[in-house]
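Each step along the sequence shown adds one to the number in full-length UniProt numbering, with nothing skipped, and position 559 is 559.
Quick reminder that beta carbons are idealized off the backbone N, C-alpha and C, glycines included.
Computed from a predicted model, the values in this text were never measured in an experiment.
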Amino acid sequence: MSKPPTILEKIYAQRAQDVEIAKQTPGTTPADLERLLSMHLAPPLVPLVERLRRNPSNALSGSHEIPSPSLMAEIKRASPSKGAIALTTPVAQQALIYALAGASVISVLTEPHWFKGSLHDMLMVRQSISSIPDRPAVLRKEFILDEYQIAEARLHGADTVLLIVAMMNDELLTRLYKYSLSLGMEPLVEVNNADEMRRALAIGAKVIGVNNRNLHDFNVDMGTTSRLVDMVKDRDIILCALSGISAAQDVRTYKDQGVKAVLVGESLMRAKDTAAFIRELLDWPDLQRSGPKRGPIVKVSGVTSTDQAQKLVNAGASILGFNFDPTLAGSITIEQAQAIRTGFPRTTANPVPTPSQQPNAPWFPTHLDSILSQCTYQRPLLVGHFTTHASHTLAFILVAIAAASLDLVQFDGAIPTDWARFLPVPVIRRFSSPLPPQSKGVETVATTATTTAIIQGINDASQISRPGLHAVALVDLTVASGSTTVFIPSGKGNPSPEFVPSPALDKCFNLARKDRTTPQPSGDTLKGVEETKKLVAAAELGGKWPMPVLVTGGRERVEPEVIRGIGAWGVDIDAGASASGLEEYIKSLQ
């Protein structure tokens, strides 16, 4: 009587069947995948070997030595031995936690039957960490038996794949290893005994993982890695310990033996405070980013002359905005912007730390640190404002950036979001202030073409915290998301009668003019202030990373206590509408 199949043999048979079905499905045939790869639709790669050499124990020193093993943090919903582990955990959020806690690799189980994973899980993991400057490499943890699965992995965001020596003969192992390399991915080659280690070394594997779990019966022996360490001593190989690691003592033991990375799954998925558990497990410090700390940054929009610009900078303004829309007040030409720029020559500042020298942070804090670091230059940062004016094409914006040496650009209208990808400088995008879900729109009062175009570009506050495109969100506290009541300029000169400011704003803003009419209160703007405050506080990962925003009161000044109350990193002021006492106001914010 034949022996019943082992767990590994069962999984192998099922995955072989799954692969054949996928190969025959229109849109996912091998030819389809090759075509997609040839079109370069696979996302950019992170080199596995180099990424494994960086972790929080050596990130700040820049050393290639690894004082503490690097972490390969795993997304693991279930397993054959433990059953359900974390079926409902949001994998994208879990991956972001891993990345910000210092993981060098995020391993994603994509086997659907026993481990309840999927390629979709891996794609979401890849997308969730794509805006982190020094993101972890993504590993497809799978039972790979065909080149097809490696192509799948590459197209779904993997930087590396797992090759299990126990699953294949030498010919298949060599073929899959070489194919993975041809796609730019150094595989993680898994072994469980001395014979498998010799086979892995024979193909030239640079990253070898010793699985403490026998995949035939799923029993764990923590001594498996220890027994194989000597086989890779004095070799330029990164040895990883896989499976069964749940305590700091496990890691210390492997560290003393020369292991350079550990893979941890179940313990991380069950941890109540994942980041704290990682620090305890790896004996890593709780690193904090060391970006510049200061009072609110002052940005002044509508600057029109060198003399005006110099006075504003002397008062404490760090960012000056040029309005290039000829239909709006305070507009200038590119030539005029060039002339103002010449009054502020570039100077030398302290070097900005590279991403590998700083702990990882989400998209917005990372870009804020970069912008604030640039403010250490002995000159202001210059921003070009662009709207949906017919002349403001992508080509025009690129010319303005080059000709006027702009440091940033600002999108004030319904400019395509993707244009940010084609610009060589960071983008500030103007948004309406968010409102509570129960808030309803009110009567439309702004009707001019210019005003309507601006509103259409800023009325979706739900996109404020979307990473990967704009670097800074400018929240307009005079325009409420979901409401069409506005208070923004529609043309040159004073506001037209179409604008309906709210008395609620009068309590928040220091009014620069005495001739305003007072309509019935709507309350929307005051709610916008409160909701913006909530947005900043909540941000990402339970508020650990507050959302940095720049706020503006349009043609009115935002009181310092409102700026501080919201938690905004800076304020944008309209130079033309707030000329009287502007320099004193700027000084009051320092």
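- Going by beta carbons, F422 and V475 fall outside the 7 Å limit.
- Around the C-beta of E142, 16 or more other C-beta atoms lie within 10 Å, and the residue is accordingly described as buried.
- The residue among T174, L41, Y179 with its C-alpha nearest the C-alpha of A202 is T174.
- By the C-beta density criterion, E34 is exposed, having fewer than 16 other C-beta atoms within 10 angstroms.
- Nearest C-alpha to S373 among I297, S182, T393, P362: I297.
- Secondary structure at K141: strand, using DSSP grouped into helix, strand and coil.
- Fully contained in the region 256-335 are the following alpha helix (DSSP H) runs of length 4 or more, in chain order: 266-270, 274-282, 306-315.
- A check of alpha carbon separations from I428 across E559, P67, A42, V571 identifies V571 as the nearest.
- In this chain, D572 is not harboured by any alpha helix (DSSP H); it is covered by the beta strand (DSSP E) spanning 570-574.
- Within the DSSP secondary-structure output, I164 pairs in a beta bridge with E190.
- In the displayed model, I464 falls within coil according to three-state DSSP, outside both helix and strand.
- For the 7 Å CB-CB criterion, I144 and V161 form a contact.
- With a beta-carbon spacing of about 25 Å, L119 and N360 fall beyond the 8 Å limit used to define contacts.
- Here R126 is buried: its Cβ has 16 or more other Cβ atoms, across all protein chains shown, within 10 Å.
- Contact between A568 and V529 is absent: CB atoms are separated by about 10 Å, not below the 8 Å threshold.
- Sequence-distant partners of D418 (beyond 5 residues in either direction) whose C-beta falls short of 8 Å from its own C-beta, in its chain, are L469.
- Under the DSSP assignment, V536 falls in the alpha helix (DSSP H) whose first and last residues are 524-538.
- In this structure, W363 keeps its C-beta atom at 7 Å or more from the C-beta atom of P285.
- Distances from the CA of L155 to each of S180, R135, L163, E9 were compared; the closest alpha carbon is that of S180.
- In the three-state reduction of the DSSP assignment, A86 falls in the coil class.
- Per DSSP, M122 is one residue of the alpha helix (DSSP H) stretching across 119-129.
- Put simply, the region 147-154 touches the region 33-52. At least three CB pairs are less than 8 Å apart.
- Nearest to D134 by alpha-carbon distance, out of L96, T387, D146, G117, is L96.
- For F396, the enclosing alpha helix (DSSP H) has its first and last residue at 394-404.
- Apart from the 5 residues on each side of it in sequence, A103 sits with its Cβ closer than 6 Å to the Cβ of L71, A73, P136 in its chain, given in chain order.
- Around the Cβ of E186, a 10 Å sphere holds 16 or more other Cβ atoms; the residue is buried.
- Just so you know, the alpha carbons of A86 and K116 end up roughly 10 Å apart.
- In this structure H113 is exposed. Its beta-carbon is surrounded by fewer than 16 other beta-carbon atoms within 10 angstroms.
- R235 sits exposed, since fewer than 16 C-beta atoms from the chains shown fall within 10 Å of its C-beta.
- For V300, the CB contacts under 7 Å within the same chain, skipping 5 residues up- and downstream, are L312, A317, L320, G321, I573, A575 in chain order.
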